[in-house]
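S.K.: What follows is a structure written as structure tokens; I'll ask about it next.
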Amino acid sequence: MGQISIILPTYNVEKYIARALESCINQTFKDIEIIVVNDLGNDKSIDIAKEYASKDDRIKIIHNEENLGTFASRNIGVLNSSSPYIMFLDPDDYLELNACEVGLEKIKNVDMVVFDAYVHRVKFKKFYRFKQDELFKKDEFFKKDEFLEFLLKQKHFCWSVWAKVYKKNLILKSFEHVDFKEKLCYGEDVLFNYINFMPSESFFVSQECIYRYEFNENGRYENKNKEILWQNYQHKKQSLKCIKKLANIFPHKHFNEKILEVLEKEILGLESRVWKK
Numbered sequence: 004m005g006q007i008s009i010i011l012p013t014y015n016v017e018k019y020i021a022r023a024l025e026s027c028i029n030q031t032f033k034d035i036e037i038i039v040v041n042d043l044g045n046d047k048s049i050d051i052a053k054e055y056a057s058k059d060d061r062i063k064i065i066h067n068e069e070n071l072g073t074f075a076s077r078n079i080g081v082l083n084s085s086s087p088y089i090m091f092l093d094p095d096d097y098l099e100l101n102a103c104e105v106g107l108e109k110i111k112n113v114d115m116v117v118f119d120a121y122v123h124r125v126k127f128k129k130f131y132r133f134k135q136d137e138l139f140k141k142d143e144f145f146k147k148d149e150f151l152e153f154l155l156k157q158k159h160f161c162w163s164v165w166a167k168v169y170k171k172n173l174i175l176k177s178f179e180h181v182d183f184k185e186k187l188c189y190g191e192d193v194l195f196n197y198i199n200f201m202p203s204e205s206f207f208v209s210q211e212c213i214y215r216y217e218f219n220e221n222g223r224y225e226n227k228n229k230e231i232l233w234q235n236y237q238h239k240k241q242s243l244k245c246i247k248k249l250a251n252i253f254p255h256k257h258f259n260e261k262i263l264e265v266l267e268k269e270i271l272g273l274e275s276r277v278w279k280k
């Protein structure tokens, strides 16, 4: 049992997974568990993971019975973890080598830690920090109501599951409100974080960067393939449907109204891309 589990939902990432696993294996903090969730892709990703697992017993490979998507794969990773703390790593990204060390240090007195990240725009061949404005010149502690107000001022980074440290017991509690096997590959971060922000009472937002995100122009978010766009649209709508139901459970009226408004605008934007000739 490690003190922190890093969960990698894995589907057709053979070009990148070795780099991701190396960034886990070489963490400065060694008492970790690395969980690769095989979502049944058709490349050599899992073969590569098995090779690493044969040399490092901290790596555990979980095989889905069918292709379930990113949301369910992450959740299955959580259910198979044995650590009190959870981090997520998409296998086409990688961690700074002190990510676990810093994460465990920061989570001691709060329910969740939110870090900054470096984003690599492959198309423009440049790295930049996610958080650029005046709000992020210092680390800051938030109680829940303050954090929800803080979220409403943000764009993307706070709603990503990566560059965060979660408490496993709170993630398991969130499963009481949603089907943990909901099949989602787009919009899943917002749903996951919504159901985890709400049970949490304290947050630490750090300006430290622990994550390297590869914003690939061929990835799902920038893909122009009509079939992928349609799937993104459908998954985003399903995520919104789930959050609308959950908004009746969590009594934060102002926050819920604003978030639903933002999500509905995003869906309209996706809809215009789907039908664009």
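Per my numbering, the sequence shown starts with residue 4, numbered consecutively. C-beta atoms are modelled at their ideal positions from N, C-alpha and C, and glycine is treated no differently.
1) Under three-state DSSP, which class holds glutamine 237?
2) Buried or exposed for isoleucine 252, going by 16 or more other Cβ atoms inside 10 Å?
3) Assign serine 57 to buried or exposed, taking buried as 16 or more other Cβ atoms, counted over all protein chains shown, within 10 Å of its Cβ.
4) By DSSP, does asparagine 41 sit in helix, in strand, or in coil?
5) Should the segment 174-186 be regarded as contacting the segment 102-114, the criterion being three or more beta carbon pairs within less than 8 Å?
6) Within this structure, are the beta carbons of valine 193 and leucine 266 separated by less than 8 Å?
7) Lysine 170 CB to nearest chain B CB: under 8 Å?
8) Residue ranges of each beta strand (DSSP E) run of no fewer than 3 residues wholly in the segment 141-197, ordered along the chain?
9) Between the beta-carbon of glycine 5 and the beta-carbon of glutamate 25, is there less than 8 Å?
10) Is the beta carbon of proline 94 less than 8 Å from the beta carbon of threonine 31?
11) Pull up the distance between the alpha-carbon of glutamate 104 and that of leucine 43, whole angstroms please.
12) What residue range is occupied by the uninterrupted beta strand (DSSP E) comprising phenylalanine 218?
13) Taking the alpha-carbon positions, what's the alanine 21 to aspartate 46 distance?
14) Buried or exposed: serine 209, going by 16 or more other Cβ atoms within 10 Å of its Cβ?
15) Whose CA, out of Val168, Thr73 and Glu99, lies closest to the CA of leucine 107?
16) On the CB-based measure, 16 or more other CB atoms within 10 Å of its CB, does glutamate 68 come out buried or exposed?
17) Compute the beta-carbon to beta-carbon distance between serine 205 and lysine 256, rounded to the nearest angstrom, for a pair I have assumed lies under 8 Å.
18) Quick one: what's got a C-beta closer than 7 Å to lysine 240's C-beta in the same chain, skipping five residues either side?
19) Any idea what DSSP makes of alanine 52, helix, strand or coil?
20) What's the C-alpha gap between phenylalanine 130 and isoleucine 174?
21) Per DSSP, what kind of secondary structure is glutamate 36 in: helix, strand or coil?
22) Going by alpha carbons, who is nearest to glutamate 185 out of Leu151, Leu155 and Ile246?
23) Give me, in chain order, the residues of the same chain whose beta-carbon lies closer than 6 Å to that of asparagine 259; leave out the 5 immediate sequence neighbours on both sides.
24) Could you tell me the alpha carbon to alpha carbon distance between leucine 151 and glycine 190, rounded to whole angstroms?
25) Please state whether the Cβ-Cβ distance between phenylalanine 118 and isoleucine 213 is less than 8 Å.
26) Mapping the DSSP letters down to three states, classify histidine 255 as helix, strand or coil.
27) Around the C-beta of serine 275, are 16 or more other C-beta atoms found within 10 angstroms, so that it is buried, or is it exposed?
28) Can you give the beta carbon distance from alanine 52 to isoleucine 64, rounded, assuming they're within the 8 Å contact cut?
29) Could you give the first and the last residue of the continuous alpha helix (DSSP H) run that contains leucine 82?
M.R.: In brief:
1) helix
2) exposed
3) exposed
4) strand
5) no
6) yes
7) Looking at the structure shown, chain B is missing, and only one protein chain is on hand.
8) 143-146 and 167-170
9) no
10) no
11) 31 Å
12) 205-218
13) 13 Å
14) buried
15) Val168
16) exposed
17) Incorrect: roughly 22 Å between the Cβ atoms, too far for contact.
18) Ile270
19) helix
20) Note on phenylalanine 130: pLDDT 49, under 50, position unreliable in the model; no value is reported.
21) strand
22) Ile246
23) Ala250
24) 19 Å
25) yes
26) coil
27) exposed
28) 6 Å
29) 73-82
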